[in-house]
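Residue numbers (full-length UniProt numbering): 1 to 379.
Backbone N, C-alpha and C fix where the C-beta goes; we use that ideal spot for every residue, glycine too.
Input: a single structure, listed below in structure tokens.
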């Protein structure tokens with residue numbers, strides 16, 4: 001097997017050579033390594049340097065790059081696991097070169113998590129994490145990190161698959177990126193509460209082809225009850241952009257759109273609570289300039305957005321709002337400023353380039369867009 005040397009962050013390792021001429025180069029190599037997930041790994045390394053779990057499991061490691069980086073850059077004892085023997089040979093070779101407190105296992109991830117417990121567990125499968133959430137929810141002592149790359153089912157584009165996998169109703173709305181993240185987190189919450197455990201999100205985000213959430217696991221019945229209280233639905237009008245939040249419910253309650261007079265459609269159940277632990281994000285932002293990361297500029301931008309975003313459960317794409325009104329979209333900064341001046345906390349959102357997170361209701365956003373058009377375009 002031909003391998004090449006790669007450096008991510010401050011960690012150098014070897015991975016199989018890929019055919020860059022194929023549609024999906026990572027799939028052309030005998031052991032999977034995706035360069036597009038470097039940012040994902042960078043964020044987890046930075047987070048673990050702050051929260052310092054006692055140990056860490058990379059449950060489905062492939063080349064083992066994530067676990068290798070945690071061991072080398074965060075200085076945390078790691079177990080790196082994969083069920084493929086070729087992958088394990090590469091992991092062991094990399095671990096021997098790198099040194100540090102690294103244990104390498106060749107096992108099925110679910111079986112391993114049913115026989116051993118770890119302070120932090122990282123699930124980064126190809127596709128949905130759902131088949132691994134039950135075992136991970138029992139085996140993770142204090143932290144659970146999860147990636148989902150099946151964005152189409154989570155966002156409602158593959159509706160039936162989303163219903164089957166996540167036992168929730170997805171919808172392909174204009175704020176589908178947040179729906180997908182919160183639906184994945186809702187699945188995490190439901191698995192944890194089965195075992196009288198709760199969760200508190202530390203760092204959660206959506207990016208291109210995946211969703212990612214890092215949560216604290218809290219082993220108390222009261223925490224499980226609080227977690228259930230953070231579940232709920234977004235009630236979406238089928239005719240207009242109006243939506244309402246229903247928190248503290250595992251079953252949707254009837255709701256009528258105040259604009260159209262029709263019954264809204266439930267989206268969920270979703271995690272409706274906070275997505276971030278902003279004190280930890282502030283610490284990440286503070287130490288980031290001193291560290292070596294390949295995606296540092298993107299990390300700085302994301303942390304800035306996440307720290308500023310209000311904890312609302314949806315965002316508005318103001319271009320779509322403007323299009324529905326049949327007017328021109330305003331300058332984004334001017335719209336944000338006008339909403340803030342009116343007393344509604346508003347920021348850009350990492351979910352969408354033309355999206356805003358705001359405490360303002362839809363009719364206020366529409367009024368601000370209408371005023372901007374009147375003042376600037378003389379409509």
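In this structure residue 313 is in contact with residue 272, their Cβ atoms being roughly 5 Å apart against a cut-off of 8 Å. Under DSSP, residue 234 forms a beta bridge with 245, 267. Residue 15 and residue 274 have their alpha carbons spaced roughly 37 Å apart. Under the three-state reduction of DSSP output, residue 81 falls in the strand class. Taking residue 134 as reference, the option from 173, 79, 56, 166 with the minimal CA-CA separation is 166.
Pairing residue 256 with residue 263 gives a Cβ-Cβ distance under 8 Å. Beta-carbon to beta-carbon, residue 80 and residue 64 are separated by about 5 Å, close enough to satisfy the 8 Å threshold. Beyond the five residues adjoining it in sequence on each side, residue 107 comes within less than 8 Å, by CB distance, of 81, 83 in the same chain, given in chain order. For residue 186, the secondary structure class from DSSP, reduced to helix, strand or coil, is helix.
The residue among 159, 324, 319 with its C-alpha nearest the C-alpha of residue 331 is 319.
Checking the DSSP bridge columns, you'll see residue 145 partnered with 122, 214.
When the beta-carbon positions are compared, residue 276 and residue 302 stay at least 8 Å from each other. Looking at 128, 220, 341, the one whose alpha-carbon comes closest to that of residue 181 is 128. DSSP, reduced to helix, strand and coil, places residue 131 within a helical segment of the structure shown. Between residue 338 and residue 368, the CB-CB gap stays under 8 Å. Contact between residue 250 and residue 231 is confirmed by a C-beta separation of about 6 Å, below the 8 Å threshold.
Remark: C-beta atoms of residue 217 and residue 278 do not approach each other more closely than 8 Å.
When the alpha-carbon of residue 208 is set against those of 37, 2, 139, the nearest one is in 37. In this structure the region 84 to 98 does not touch the region 170 to 189; the number of beta carbon pairs closer than 8 Å is below three. Annotation for residue 158: 152 place their beta carbon closer than 7 Å to its own, counting only its chain and skipping 5 residues before and after.
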